Each structure stands twice: as structure tokens, then as C-alpha cells.
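Report on the following structure.
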Amino acid sequence: TQSTRTRPRISRLRRAIEMPPPPSPAPPPPTGGGRRRWLHRLSPTVARDRCYTRAFRAAGLRPAAVSLADGAILHLWLPPPAAGPRHPILLLHGFGASATWQWAPFLRPLIAAGLAPYVPDLVFFGASTSPSADRSPAYQAACVAAAMAALPGAPQRYSVVGVSYGGFVAYHLAHAFPAAVDRLVLVAAGVCLEEADLAAGLFAVEDIAEAASLLLPQRPEDLRKLVGLTFCRPPRFMPSCFIRDYIRIDAIKFVVMLVIYCSLVMCTEHVTQKTELLYALINDRKLSDLPRICQQTLIIWGEQDRVFPLELGLRLKRHLGDTSELVIVKNAGHAINREKPAELCRLIKNYIVDPSVKYRDDRKGSWKNMIRRFAGSSLRKVDSSRPLL
Numbered sequence: 001t002q003s004t005r006t007r008p009r010i011s012r013l014r015r016a017i018e019m020p021p022p023p024s025p026a027p028p029p030p031t032g033g034g035r036r037r038w039l040h041r042l043s044p045t046v047a048r049d050r051c052y053t054r055a056f057r058a059a060g061l062r063p064a065a066v067s068l069a070d071g072a073i074l075h076l077w078l079p080p081p082a083a084g085p086r087h088p089i090l091l092l093h094g095f096g097a098s099a100t101w102q103w104a105p106f107l108r109p110l111i112a113a114g115l116a117p118y119v120p121d122l123v124f125f126g127a128s129t130s131p132s133a134d135r136s137p138a139y140q141a142a143c144v145a146a147a148m149a150a151l152p153g154a155p156q157r158y159s160v161v162g163v164s165y166g167g168f169v170a171y172h173l174a175h176a177f178p179a180a181v182d183r184l185v186l187v188a189a190g191v192c193l194e195e196a197d198l199a200a201g202l203f204a205v206e207d208i209a210e211a212a213s214l215l216l217p218q219r220p221e222d223l224r225k226l227v228g229l230t231f232c233r234p235p236r237f238m239p240s241c242f243i244r245d246y247i248r249i250d251a252i253k254f255v256v257m258l259v260i261y262c263s264l265v266m267c268t269e270h271v272t273q274k275t276e277l278l279y280a281l282i283n284d285r286k287l288s289d290l291p292r293i294c295q296q297t298l299i300i301w302g303e304q305d306r307v308f309p310l311e312l313g314l315r316l317k318r319h320l321g322d323t324s325e326l327v328i329v330k331n332a333g334h335a336i337n338r339e340k341p342a343e344l345c346r347l348i349k350n351y352i353v354d355p356s357v358k359y360r361d362d363r364k365g366s367w368k369n370m371i372r373r374f375a376g377s378s379l380r381k382v383d384s385s386r387p388l389l
């Protein structure tokens, strides 16, 4: 009888042990943050961020984060798995831009051309961070190279494309890791600039402090000034309400009518670190200290670039010599990837996919241009006073 009495107790005790604990009560809703949360949800910049992230995922790319030895964390997007061999290509964004904002429109054409894009966020951009005090482009290049080497199944050799500030990082990457970098494409990257060029009047600013205030705008009028310098044909309509939204939240984008964005994406995150990046980029910089690289290099420059004038592209061509080729894009400013995206994508594909040539221009072979030229020449030759046959 004693065993029969204790048996229900044992079973109840067993059920109590096996039963999960009751859920803890939900924390009270934060006070005073409701308006901020709704503004964040209704923000057009947040919506565009999600669209570009979905574009990366729709193209087959998948996100990854690599922890480095010094505590830095580099976030990057990996290419989709492919059945056949592909050309690996590393895409480096410009100053202030995250990887998704700058490279989303280029993914599908590059993948269709047989390229496998690796797209990282540089340190202090996007989701990449570092506890190191080093702000030089050489440190950025070392982080990118270490992250690529740590990836399972990563290619041992790849081509690199760098836009603006990403071109500085790509140049140091090619110099420090020549065995890893195959071909190089530098887009509006003023790696040949000198600090003396600021005082000489080559740029729209006179010192580094003014450059930092221009490249990290905090007011709508500052952003309009930067857009005017970036585009060959700046947009006429930029609502202040949209600009204030981009300045207020995590990422400030050059957005026109919520669809168009330009090559530089300013943000209020890591403002101190990005200012230090600018000082490390320009301070005491001399052309005589710039090493030469041995890789075949394609230099792409906008004819109307006012951020990095065309003189820097010509200077870089003279510095590299026969291993480089300069292509000047007409009717384009510093934001070549927004003003001439199709032409830029074509130049990248032709230069990377076919290593037997330095540069191949296939516009003459397109059927649209053939029809346009044939129609134009036919109309010019028609004379009503003479028979057609």
C-alpha cells in the first residue's frame, strides 16, 4: 500500500521535472520609442536596403561573416554554386557605400557572363567592424585577403574591381598579394593623388578637413553639393524631406525619387572612423611613395569627374606604363556606375572574361547599333532628285 501511495507522487514529480518551465512574462514595451520605430519602418532608405538585399539573394549570393585574427569581422557575399568553371572576381565598393547598394544592379550580368562575384563590406562599412586602430587602405586590403583565404573552397587567384575608395584598397591588394590578384580594374580611383594637390587647386576642396565634411554630409544642402560634384548631370529634384530621412537613419543614400542612387552612399554610422580613413588616405601622400604593380590593369574614368579629376587617371596611366590601359567614359562624372552602368558592366566583363586582349569594344557588333547606323546612313544618302536604283 505504501508503494501504491508513493507511485502517484513519483509520477507527478517526474511530470514536473520533464515539464518545461512556464514562459517568462513579456517585457514591457519601451516608452518613447514607438515613433522612432515607426519612422524606421516607413523609411524609404530601409525599404531600399531590403530591396537590394533581396536582389543579392535572388541572384544566388549568400551572406557570410569571417572572423580574423586581430578581432576584425568581415562581412561578405559569396557567389552561387556553379556547375562549370567560372572566373572569380572580387568587387570592392566605394567610400560610404555598402556592398548591396553599389553592386546589386551588376550581379546578374556578371554571373551570366561566367563570373563568380565575391562582394565584401570593407571595414567600418556595412556589417564589417574591427578593433584595430589602423585606418590605412593597406589594412583594408590585408583584411580582405585574409577573409578570402579563410573561406572554404575559396579561389587561390581572382580578379579585383575597385570603385573610388575601393580602388585604393584594390591597388594595395594587388601590390601586397600579387599571387592572389590576377587582373585589376580601377574605376575612378585616384590612387595617384598627392596631399599637395589639395593646396594646388586640383580638387573642389582645399584641405582634408573640408574633404571630410563634404564626404560625410550631415545637412541636406551639403548632400546636394556632393551630388552636384558626383554626377555629370546632377538631378534637379531632390526633396529635402527624403534627404533628412537618409541623414537621420543608419545609412544616407543618394536617392532620387526613391529609385536612383549614386556611387557614394553616406552614412552616420562610424563617422569618426570614416573621418580617420580619409586622413589616412590623404595625409602625407606622395606619388613617389606609390609602388608599381605588375598586374594587367584597366583604368576607367569619367570625363567630367570632379571628385577625382581626369588628370589623376592620366597620371596613373603614366605611372603604370604598358601594363595598363585607360578608358575615358564620355558624359559621365564620378558616379560612373549610376550614370553609365551598362557601359561599365560591359567593360568589366570584356576585360575579365577574355584575358587575351587588354580591352575589347563590342558596341560595333550589337544589332541595335547596326540598325541605327544603317538607317542613318540610308537617310543621308537619299536624294529625291535621283532615282533610288
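Each residue of the sequence shown is one higher than the last, beginning at 1 in UniProt numbering. Ideal placement from N, C-alpha and C gives every residue a C-beta, glycine not left out. Because the structure is a prediction, the values reported are computed rather than measured.
For arginine 292, which of helix, strand or coil comes out of DSSP? Indexing the sequence shown from 1 puts residue 292 at position 292. Reduced to three states, the DSSP call for arginine 292 is coil.
Secondary structure of arginine 285, DSSP reduced to three states: Numbered from 1 along the sequence shown, position 285 holds the residue referred to as residue 285. In the three-state reduction of the DSSP assignment, arginine 285 falls in the coil class, being assigned neither a helical nor a strand state.
Sub-8 Å separation of proline 80 and tyrosine 118 beta-carbons: Stepping through the sequence shown from its first residue, residue 80 is reached at position 80. Stepping through the sequence shown from its first residue, residue 118 is reached at position 118. Contact flag unset, no.
Just to check, is the beta-carbon of glutamine 296 closer than 7 Å to a non-hydrogen atom of the ligand HEM? Among the components of this structure there are no ligands whatsoever, and the ligand HEM is therefore not found.
Using the DSSP secondary-structure output, state which residues sit across from tryptophan 77 in a beta bridge. Locating residue 77 in the sequence shown gives position 77, counting from the first residue. According to DSSP, which records beta bridges pairwise, tryptophan 77 is partnered with Pro63 and Val119.
DSSP puts tyrosine 158 in a beta bridge; with which residues? The sequence position of residue 158 within the sequence shown is 158, counting from 1. According to DSSP, tyrosine 158 bridges with Val181.
Isoleucine 336 and leucine 344 closer than 8 Å at C-beta: For this step, residue 336 is matched to residue 336 along the sequence shown. For this step, residue 344 is matched to residue 344 along the sequence shown. Cβ atoms of isoleucine 336 and leucine 344: closer than 8 Å.
Would you tell me roughly how many angstroms separate the C-alpha atoms of histidine 175 and alanine 142, rounded to the nearest one? Here the question's residue 175 lines up with position 175 in the sequence shown. Here the question's residue 142 lines up with position 142 in the sequence shown. When rounded, the distance between both Cα atoms is 11 Å.
Stretch pair the region 65-73 + the region 119-138: three plus CB contacts closer than 8 Å: yes
Leaving aside the five residues before and after alanine 146 along the sequence, list all residues of the same chain whose C-beta is less than 7 Å from its C-beta, in chain order. Within the sequence shown, numbered from 1, the residue matching residue 146 stands at position 146. Excluding positions up to five away in sequence, the list reads Leu68.
Element boundaries [beta strand (DSSP E), containing glutamate 339]: Sequence index remark: in the sequence shown, residue 339 carries index 339 (1-based). Note, glutamate 339: premise wrong, no beta strand (DSSP E); alpha helix (DSSP H) at 336-339.
Taking C-alpha atoms, which residue in Leu151, His319, Trp101 and Ala116 lies nearest to aspartate 289? By one-based count along the sequence shown, residue 289 stands at place 289. The shortest C-alpha separation from aspartate 289 is found at His319.
May I ask you to report which of helix, strand or coil DSSP gives arginine 346? Here residue 346 is taken as the residue at index 346 of the sequence shown, counted from 1. Looking at arginine 346 - three-state DSSP - the assignment turns out to be helix.
Kindly identify the DSSP beta-bridge partner or partners of tryptophan 301. Taking the sequence shown and counting its residues from 1, one reaches residue 301 at position 301. Beta-bridge analysis with DSSP links tryptophan 301 to Ile328.
Between which two residues does the beta strand (DSSP E) holding histidine 87 run? Residue 87 sits at position 87 when you count from the first residue of the sequence shown. First-last of the beta strand (DSSP E) with histidine 87: 87-92.
What does a CB cutoff of less than 8 Å around arginine 108 pick up in its chain, not counting 5 residues either side in sequence? Stepping through the sequence shown from its first residue, residue 108 is reached at position 108. If we look at arginine 108 and ignore the five residues flanking it on each side, its Cβ neighbours are Ala59.
So the candidates are Gln140, Gly84, Arg48 and Gly162; which of them puts its Cα closest to the Cα of alanine 113? Counting from one through the sequence shown, the residue named residue 113 turns up at place 113. Nearest C-alpha to alanine 113: Gly84.
Inter-residue spacing [alpha-carbon to alpha-carbon] between alanine 196 and alanine 280: Position 196 of the sequence shown, counted from the first residue, corresponds to residue 196. Position 280 of the sequence shown, counted from the first residue, corresponds to residue 280. Near 15 Å, if we compare the C-alpha coordinates of alanine 280 and alanine 196.
Please check the pair serine 159 and arginine 183, which I expect to be a contact at CB under 8 Å, by giving their CB distance rounded to whole angstroms. Here residue 159 refers to the residue found at position 159 when the sequence shown is read from its first residue. Here residue 183 refers to the residue found at position 183 when the sequence shown is read from its first residue. The Cβ separation is near 4 Å, so the contact holds.
Give the single residue among Asn350, Ala179, Leu277 and Asn331 whose Cα lies nearest to the Cα of leucine 298. Looking up residue 298 in the sequence shown gives position 298. With distances taken between Cα atoms, leucine 298 lies closest to Asn350.
Between the C-alpha atoms of threonine 272 and threonine 129, what's the straight-line distance to the nearest angstrom? For the purposes of this step, residue 272 is identified with residue 272 of the sequence shown, where counting begins at 1. For the purposes of this step, residue 129 is identified with residue 129 of the sequence shown, where counting begins at 1. Rounded to whole angstroms, the separation of the alpha carbons of threonine 129 and threonine 272 is 13 Å.
With 16 as the cutoff for other CB atoms within 10 Å, does proline 152 come out buried or exposed? Along the sequence shown, read from residue 1 onward, the residue named residue 152 stands at position 152. Per the 10 Å Cβ criterion, exposed.
So is aspartate 121 buried or exposed if we call it buried at 16+ other beta carbons inside 10 Å? Taking the sequence shown and counting its residues from 1, one reaches residue 121 at position 121. That one is buried.
Leucine 186 - partner residues in DSSP beta bridges: Locating residue 186 in the sequence shown gives position 186, counting from the first residue. In DSSP, leucine 186 forms a bridge with Gly162 and Ile299.
Per DSSP, which one or two residues make a beta bridge with threonine 129? Locating residue 129 in the sequence shown gives position 129, where the first residue counts as 1. Per DSSP, Ile73.
Where glycine 162 and cysteine 51 are concerned, what is the direct C-alpha to C-alpha distance, given to the nearest angstrom? Walking along the sequence shown from the start, residue 162 turns up at place 162. Walking along the sequence shown from the start, residue 51 turns up at place 51. Roughly 23 Å between the two C-alpha positions.
Classify proline 309: buried if its beta carbon has 16 or more other beta carbons within 10 angstroms, exposed otherwise. The residue given as residue 309 occupies position 309 in the sequence shown. Per the 10 Å Cβ criterion, buried.
Exposed unless 16 or more other CB atoms sit within 10 angstroms - verdict on lysine 274: Indexing the sequence shown from 1 puts residue 274 at position 274. Buried.
Give the DSSP-derived three-state secondary structure of glycine 313 in the structure shown. As a position in the sequence shown, residue 313 is number 313, starting the count at 1. Glycine 313 falls in the helix class under three-state DSSP.
Just to confirm the assignment, what range does the alpha helix (DSSP H) spanning threonine 100 have? The count along the sequence shown starts at 1 and reaches residue 100 at position 100. Run containing threonine 100: 99-103, per the alpha helix (DSSP H) assignment.
With a CB to CB cut of under 8 Å and the five nearest residues on each side skipped, what residues in its chain are close to proline 341? Reading the sequence shown from its first residue, position 341 is the one you call residue 341. Excluding residues within five positions, the ones whose Cβ falls inside 8 Å are Pro105 and Phe106.
Find out if the Cβ-Cβ distance for the pair glycine 166, leucine 92 is shorter than 8 Å. Here residue 166 corresponds to residue number 166 of the sequence shown, with the count starting at 1. Here residue 92 corresponds to residue number 92 of the sequence shown, with the count starting at 1. Taking 8 Å as the cut-off, the Cβ atoms of glycine 166 and leucine 92 count as close.
In whole angstroms, what separates the C-alpha of cysteine 294 from that of alanine 199? Within the sequence shown, numbered from 1, the residue matching residue 294 stands at position 294. Within the sequence shown, numbered from 1, the residue matching residue 199 stands at position 199. In a straight line, the C-alpha of cysteine 294 is about 31 Å away from that of alanine 199.
Keeping to the same chain, check which residues put their C-beta closer than 6 Å to that of threonine 100; ignore five residues upstream and five downstream. Along the sequence shown, one-based indexing puts residue 100 at 100. Hits under 6 Å: Tyr52, Thr53 and Phe56.
First through last residue of the alpha helix (DSSP H) which encompasses valine 144: As a first step, residue 144 must be located in the sequence shown, where it is residue number 144. It spans 137-150 - the alpha helix (DSSP H) in which valine 144 sits, taken as one unbroken run.
Using only the alpha-carbon positions, how far apart do glycine 313 and arginine 285 sit? What you label residue 313 is simply residue 313 of the sequence shown in a count that begins at 1. What you label residue 285 is simply residue 285 of the sequence shown in a count that begins at 1. The C-alpha of glycine 313 lies about 16 Å from the C-alpha of arginine 285.
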